[in-house]
Structures are given as C-alpha cells and as structure tokens.
Amino acid sequence: MNWGVFEGLLSGVNKYSTAFGRIWLSLVFIFRLLVYVVAAERVWSDDHKDFDCNTQQPGCTNVCFDHFFPVSHIRLWALQLILVTCPSLLVIMHVAYREAKEQRHLAASGDNCRRIYSNPGKKQGGLWWTYLFSLVFKASVDVVFLYIFYRFYRNYTLPRVVKCELPPCPNVVDCFISRPTEKNIFTLFMVVTTCICVVLSIIEATYLIGKRCRECLRASSMESWRHRTGWSNLNMSQFFKPAQRWWRWWGKRASQDRHPPPPWGTSLPIPHHA
C-alpha cells in the first residue's frame, strides 16, 4: 500500500468520525503506530539474540526464552493494531456502498427523483449500527489484548533477571534480558495509550446511543403533540382552500374590469345563473 492510498483511508475515517473518533484516530496513528514503527520495533529486534543464560547447555537458552516470552511484544502489538483499525475501514466501505447505490439510483431515475439517502455519510439506519459495532469491536479488542499482555507479563513489566530450571537446563540458571528498562517504558506507554483509546471508544458509543435516544424521544413527543392537537390529521389543502377561492375570484374580476381586490374577509358575491 502506498502513502497516497493510506492518506485517502485516513481522510475517509476522519471525515465520517465524531470528535471523539478523531481523537481516537490521532492516538492510534500518531502515538501507537508511529511509536511502534519508529522506536519499539528496533528495541525488540534483538530480543532473542541478546537473551543470555549462564550455561553452555545446548537448547537451554531457547527453552527458557520460549517460556518467558511465548509471544513477542512486537507481534502482539502488530496484530492488535491490525484488528483495531479494521472496523474503521468497514465504516468507509459502508459509506462507499451507500454512495454507489445512490449514484445508481440517480442514473436510473434521473436527477429530479427522490433520493435514497439525503446524506450517505450521515450515521443513520444501517450505518449507525455499523459505526456502533466498530466502536464496540475496537474497545473489545484493546481490552482483550490488555488482558493477554497481563497474563504473559505480570504487571506489564519485564524483570532484569529470570531464573529458569526447565529441561534441558542442568540446574537453575540465571537468564538476562536485554534493555529491560527501555522495554518497560515502551510497554507502559503502549498500555496507557490503549487504555485511553478504550475510554474514548466507550465515551463515543455512549454519545451515539444518547443522541439516538434523545432523537427518538423528541420524535415521540412531537408525534404525541400532533395527535393531541389534531395537526396530524389536518389536510393543508383544506386549510388554504378559502384563500385559493378568493384569489381565483379576484383574478377573474381583475381581468374583466381591472378593479382592485376587495379586503380579505369580504364575502364573495354568489353568481346568479339565468
């Protein structure tokens, strides 16, 4: 994927997001993705090579490394970022589908026909549910990966020295981790930004649900008011019928003798037929 396509995807996600969604997007692509690409990947690049144990027993170092680091931080973060960003692309695809459907409808029925969507990018109907699903999915993915990191690495920290007695190690051996302080700093940074993203997703989902409930209550109260006042059953053509009769009579009279129109409310003369 070139940078032009990537920039187009980012602009599309930013266009159809709320204010909370734009903050979430900035956190993910500026703090998490750039930190992962620029710094974190280099810190963990020599992870296995610099894992030293004070033994010459063949296979002992590899077994101990696999026990204490079952999955690399880098691979977990890469998988997490992929899963977190996929729902945003789903929203863009849904909007593109609605726009294509609207264009096909206009091409088949003409420009003066009634539109299917007044605004294809407005979060209504199916797009609202797609956007809400994306928020729930993103928050769930971040929470699951926070739990996975906690299960693999207690308190999200790496010790300086670990003791291993797994076979084929001859006895309890000490193994030393490279750059433990630097790795702990990056791990803490990624954990904090992930927690902030979870909070933002929850706030945005709450905002969307609250806005939808408020719109439903407003529509329900308006419909109830119309039902009580009788405006729902009022025919507007009947409401304007006296004015239409008055204008038609005056138009005929003015065309005949150019008299000014009578004041509004004057009773109209009843024509006599011979």
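The UniProt record's numbering puts the sequence shown at residues 1 to 274.
Ideal placement from N, C-alpha and C gives every residue a C-beta, glycine not left out.
- Item | Neighbourhood of Leu73 by C-beta, 6 Å cutoff - its chain only, sequence neighbours within 5 removed | The sequence as given places His at residue 73; Leu does not occur at that position. So the list reads Trp44, once near-sequence residues are dropped.
- Task: Tell me, please, which residues DSSP counts as bridged to Val173.
- Result: Cys164
- Query: Along the chain, where does the alpha helix (DSSP H) that runs through Gly21 open and close?
  - Reply: Ala19 to Ser26
- Inter-stretch contact (C-beta, 8 Å, three-pair minimum) for the segment 23 to 40 and the segment 51 to 64: no
- Which residues mark the beginning and the end of the alpha helix (DSSP H) in which Asp142 is found? Gly126 to Phe152
- Query: Less than 8 Å separating the beta-carbons of Thr157 and Asn184?
  - Reply: yes
- Cβ-Cβ distance between Leu27 and Ile196 below 8 Å: yes
- Does any C-beta atom of chain B lie closer than 8 Å to the C-beta of Phe137? No chain B appears in the structure shown, which is made up of a single protein chain.
- Message: Taking its Cβ as the centre, do 16 or more other Cβ atoms sit within 10 Å of Ser134, making it buried, or is it exposed?
- Response: buried
- Query: In terms of residue numbering, what span does the alpha helix (DSSP H) encompassing Asp66 cover?
  - Reply: Cys60 to Phe68
- Query: For Val172, which option in Val161, Thr181, Leu127 and Leu76 has the closest C-alpha, if you only look at C-alpha atoms?
  - Reply: Val161
- Message: Output needed for Pro87: all residues of its chain with C-beta closer than 8 Å, excluding positions within five of it in sequence on either side, in chain order.
- Response: Phe133, Ser134, Leu135, Phe137 and Lys138
- Task: Please classify Met1: is it buried, with 16 or more other beta-carbons within 10 angstroms of its beta-carbon, or exposed?
- Result: Only weak support exists for where Met1 lies, its pLDDT of 48 falling under 50; the value from the coordinates is given anyway. Exposed, since its Cβ has fewer than 16 Cβ neighbours within 10 Å.
- Query: Does the beta-carbon of Ser141 have 16 or more other beta-carbons within 10 angstroms, so that it is buried, or is it exposed?
  - Reply: The sequence given here places Val at residue 141; Ser does not occur at that position. Flag for Val141 reads buried.
- Indicate whether Pro70 and Phe152 have their beta-carbon atoms separated by less than 8 Å. yes
- Query: Are the Cβ atoms of Cys175 and Cys64 separated by less than 8 Å?
  - Reply: yes
- Item | Exposure of Val91, with buried meaning 16 or more beta-carbon neighbours within 10 Å | buried
- Query: For Ile203, which residues from the same chain have a beta carbon less than 6 Å from its beta carbon, with the 5 sequence-adjacent residues on both sides left out?
  - Reply: Phe20
- Message: Taking DSSP's pairing of strands, which residues face Cys53 in a bridge?
- Response: Cys175
- Are Ser178 and Asp66 close, meaning C-beta to C-beta below 8 Å? no
- Query: Is it buried or exposed for Ser17, if we count other Cβ within 10 angstroms and need 16 for buried?
  - Reply: buried
- Exposed or buried, what is Leu234 when buried is set at 16 or more other beta-carbons lying within 10 Å of its beta-carbon? Model confidence at Leu234 stands at a pLDDT of 48, short of 50, so the residue's coordinates are unreliable and nothing is read from them.
- Between Lys211, Arg218 and Ala219, which lies nearest to Trp128 when the distance is taken from Cα to Cα? Lys211
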